[in-house]
Structures are given as C-alpha cells and as structure tokens.
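Written below as structure tokens is the structure these notes are about.
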Amino acid sequence: MDWSLLQYGFMHKALLAGLLGGVSCALTGVLVVTMRISAIGICVAHAAFAGALLGILLGMGPLGPAFLTSFLVAGILGPLTDKADLAPDTVVGILFSTMLGLAFLFLGLMTGPRTEALDLFWGSILTATWFDIKVLAAVTAALLLGLVLFFKEIQAVLCHRAVALAVGVPATLIYYAMLFSVGAAVAASLRSVGGLLIYGLIINPAAAAYQLSYSLRRIFALACLFAVGSSWGGLLLATVLDVPAGAMIVLLSTAIFVAATIFSPKSPRSAAFLSRLQTAFSGRVGVRDKAREHTP
C-alpha cells in the first residue's frame, strides 16, 4: 500500500466516516441484536435505501429522503408490530418487500448515468464529503448522549420490555426511539457502506461482541471496537486490492464474528477448551513456582 495516501484529505474524511459510522452502527446494532429485532432492522435499512434512490430520482440528493423514509417506516413498524392482528414477521415481510420493490422501481425510472445511485448499493467511503462527516458526527453524538442519559431504562427494556413497562419505565417510547435510532444510523452511513451492505455493519460487530461478554456495557464497547476496526481494516484492504470498500468492510466484520463465535466463552466447546487451557497454564505456573521455592 502507498502510505502517502494518508496525507490526502479524502483519506482523512474516509477514516473519520469509518470511525463515526462504525460507532453509530455498532450502538444501534447492539439494540437490534439484544432485542432480537433483526428483521425490523433489515426493513428500516431498505427503507432508507429506497428513500435515497427516490431523492436521487427527484434531484433532491439521497440523504434527506433516506432519513425521512427510514423514520417513516420505523414509525409505522412500531405500532403495527405492537397492535396488528398479523404476526410481527408478516408485517415486517410486507414492508420489506414493498421497500425493496420501490428501490428497484426508482432505479429503473432513472434516466442517464446512474453512478450515484449504483454507488449506494456498495458504498463509496472514499468520496465522503465534510457534510457527510458532520451528519455522521451529529447522529453518533445523539446516540451516545441518549445511551448515557437513559442507559438504565434502555437496559431494562432490553432485558424484558413487559417487566420494564410494569415497573414504570416508558418501554414503548424507548422501543420506538430504538427503531428511529436504527433508521438514523442507516441513513447517515448509507453513502459510506452502501444500502445492500450497511446492515452487515450493524449486525456483525454487535453479534460478535454478544458472543464474548455478558455485560451490556462491555458489549457496547466491544461492538464499537469491532465496527471501527472493520471500517478501517476494510478501507485498508480495499485500497490494497482495489475493490469496493463497503464490501470489504462487511466481509471483515463477518470474519470477526466467525472468530468471536469460535472463541466465545458462551460456547460449550470453547468454554471447555478455555477451561482446560487455563488449568494447564495454572498447573505449569504452580510447578514453576514450586521449583523456584526449592532452588537454593
């Protein structure tokens, strides 16, 4: 790799986008993974993608419509999954297929070059602008602030929503806020990672962190570490191999998840292996210490 690239402004913006996008996606990813609402997250992600394509079609730019449609679908999904007679998976499936159909419809209606639209499929982190960075920074700051201020309430809802509601926690409001946060993170990161890949950066680091710890605080921290590492590592690999950065970011996050699953202390086989390793290491240390005691 030509390390002189690091002196250029576009690389600085790409690294900042990877940092901020990684943190925002990781924070919302932990919420999605812990509450087991992955299907809802996928639906919101594709809503943002469809909105971005609509914005390009209308000449408005992708960002504003992406936020609008993701918030709209999140606002629809919350009440529907709570009150509809249909099963939540059915509601999500209907909205997901609708958003995907609209995305391809908007793409088909475009005339002339579709470069900007196609970039939204796999992302273009190297073309991130300072405006994109500011939006990512605002979303990330809002997510961190909300997490710090309402951590206990969020933790209660993640553990058991019905119990949290019974003890006076505004569980429904927090649940809807979680859905909106997913929409915000997806819309803000859409140009960097890509509409068809962004969900991988939301789920994979959070799922990897979930494999390695029982502490919610530690899961949040590990997820952010894995997501930022995937973003920067994927950017590095994409630069070296001359391939789309979004694809490499998601593939690297998948590799981290696989490694975390193999070495997860929650896995019976892994726990047994780590226990044997710890016992063997402790035995060797004990033997070495005894030998030192008897050494004149």
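Each residue of the sequence shown is one higher than the one before, counting from 0 in numbering that gives the first Met the number 0. A virtual CB, placed ideally from N, CA and C, is assigned to each residue, including glycine.
- Inter-segment contact for the segment 7-16 and the segment 69-79 is absent: fewer than three beta-carbon pairs are separated by less than 8 Å.
- Rounded to the nearest whole angstrom, the CA to CA distance from Pro61 to Ile41 is 19 Å.
- Ala220 and Gln210 have their alpha carbons spaced roughly 13 Å apart.
- In this chain, the alpha helix (DSSP H) harbouring Gln210 covers Ile197 to Leu211.
- Taking all protein chains shown into account, Phe48 has 16 or more neighbouring C-beta atoms within 10 Å of its C-beta and is therefore buried.
- Taking every protein chain shown into account, the CB of Pro64 has 16 or more other CB atoms within 10 angstroms, so this residue is buried.
- Within the segment 127-184, complete alpha helix (DSSP H) segments of at least 4 residues are found at 129-148, 150-158 and 160-165, given in chain order.
- Going by beta carbons, Leu56 and Leu108 fall inside the 7 Å limit.
- Under the three-pair Cβ rule at 8 Å, the segment 27-45 does not count as touching the segment 246-264.
- Close CB contacts of Ser229 within its chain, under the 8 Å cut and outside five residues either way in sequence, are with Gly21, Leu200, Asn203, Pro204, Ile248, Val249, Leu251, Ser252 and Ile255 (chain order).
- A straight-line Cα-Cα distance of about 31 Å links Ile75 and Thr114.
- Taking every protein chain shown into account, the CB of Met98 has 16 or more other CB atoms within 10 angstroms, so this residue is buried.
- In the three-state reduction of the DSSP assignment, Ser214 falls in the coil class, being assigned neither a helical nor a strand state.
- Cα atoms of Phe120 and Ala186: separation of roughly 13 Å, rounded to the nearest angstrom.
- The shortest CA-to-CA distance from Thr260 to any of Thr89, Ala237 and Ala206 is the one to Ala206.
- Around the CB of Asp241, fewer than 16 other CB atoms lie within 10 Å, so the residue is classed as exposed.
- Counting every other CB atom within 10 Å of its CB across the protein chains shown gives Asp118 a total of 16 or more, marking it as buried.
- Within the same chain, Cβ atoms closer than 6 Å to the Cβ of Tyr198 are found at Ile41 and Ala44, the five residues on either side in sequence being excluded.
- Listed in chain order, the alpha helix (DSSP H) elements of length 4 or more contained wholly in the segment 87-123 are 87-108 and 114-121.
- Cβ neighbours of Thr126 within its own chain (closer than 8 Å, five residues either side excluded): Phe9, Asp118 and Arg190.
- In this structure, DSSP gives Pro78 a helical state, which the three-state scheme calls helix.
- Contact annotation: Val31 and Ser37 have beta-carbon atoms nearer than 7 Å.
- Between the alpha carbons of Gly77 and Val239 lies a gap of roughly 43 Å.
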